[in-house]
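Trainee: Quick one: structure below, then a few questions.
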């Protein structure tokens, strides 16, 4: 990072004090950027996710937190929602992804809308008490109305 006119202020800056000025780079493509951490873990995600409503949602916060990153919740989100999101993220499993959960009465359309949200395209079917009773995949739904 560098400051315009190479003058660094003698005080701390906040988000509102800073403007990122676009400029040229020696990198020819986004694919040429190496974000891997120098600690040998192989982590290649940014440490901090932008505090933009379209980016820093609950699901992103869960995923990034699981990998040791940080998500800044957008400032325009009501405090009650921020509290709920933080509690939800802290309650997630540290290693395992949060599964897609379906009830036996849900439709095929419901399942088809949810399953692509995970790379494995599978959901856990649970009973009224939250106990797993089955697994459904996109292959199970092929040709079903």
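Numbering (the numbering used here), first residue to last: 12 to 156. Every residue gets a Cβ at the ideal spot worked out from N, C-alpha and C, and that includes glycine. All values derive from a computational prediction rather than experimental measurement.
1) Let me know the alpha helix (DSSP H) ranges lying completely inside the region 83–121, each 4 residues or longer, listed in chain order.
2) Any idea what DSSP makes of residue 68, helix, strand or coil?
3) Return yes when the Cβ of residue 83 is within less than 8 Å of the Cβ of residue 67, no when it is not.
4) Could you spell out the range, first to last residue, of the beta strand (DSSP E) harbouring residue 148?
5) Could you tell me the distance, in whole angstroms, from the CA atom of residue 156 to the CA atom of residue 106?
6) Is there contact between the region 102–118 and the region 135–144, where contact requires at least three CB pairs shorter than 8 Å?
7) On the three-state DSSP scale, how would you describe residue 134?
8) Buried or exposed for residue 95, going by 16 or more other Cβ atoms inside 10 Å?
9) With DSSP as the reference, identify every bridge partner of residue 81, one or two as the case may be.
10) Return the Cβ separation of residue 60 and residue 79 in integer angstroms, given the expectation that the two are a contact with Cβ distance under 8 Å.
11) Using C-beta distances below 6 Å, list every residue in its chain close to residue 45, excluding the 5 sequence neighbours before and after it, in chain order.
12) With DSSP as the reference, label residue 76 as helix, strand or coil.
13) Using only the alpha-carbon positions, how far apart do residue 129 and residue 23 sit?
Mentor: In short:
1) DSSP runs (the alpha helix (DSSP H)) wholly in the region 83–121: 90–101.
2) Coil.
3) Residue 67 is a Cβ neighbour of residue 83, given a cutoff of 8 Å.
4) From DSSP, the beta strand (DSSP E) with residue 148 extends over 143–148.
5) One Cα belongs to residue 156, the other to residue 106, and the distance between them is close to 35 Å.
6) Between the region 102–118 and the region 135–144, the count of Cβ pairs shorter than 8 Å is three or higher; the stretches touch.
7) Strand, per DSSP.
8) Looking at its Cβ environment, which holds fewer than 16 other Cβ atoms inside 10 Å, residue 95 is exposed.
9) DSSP lists 59 as the bridge partner or partners of residue 81.
10) In fact, because the Cβ distance is near 12 Å, the residues do not count as touching under 8 Å.
11) Excluding positions up to five away in sequence, the list is empty.
12) It is helical.
13) Distance between the alpha carbons of residue 129 and residue 23 is about 41 Å.
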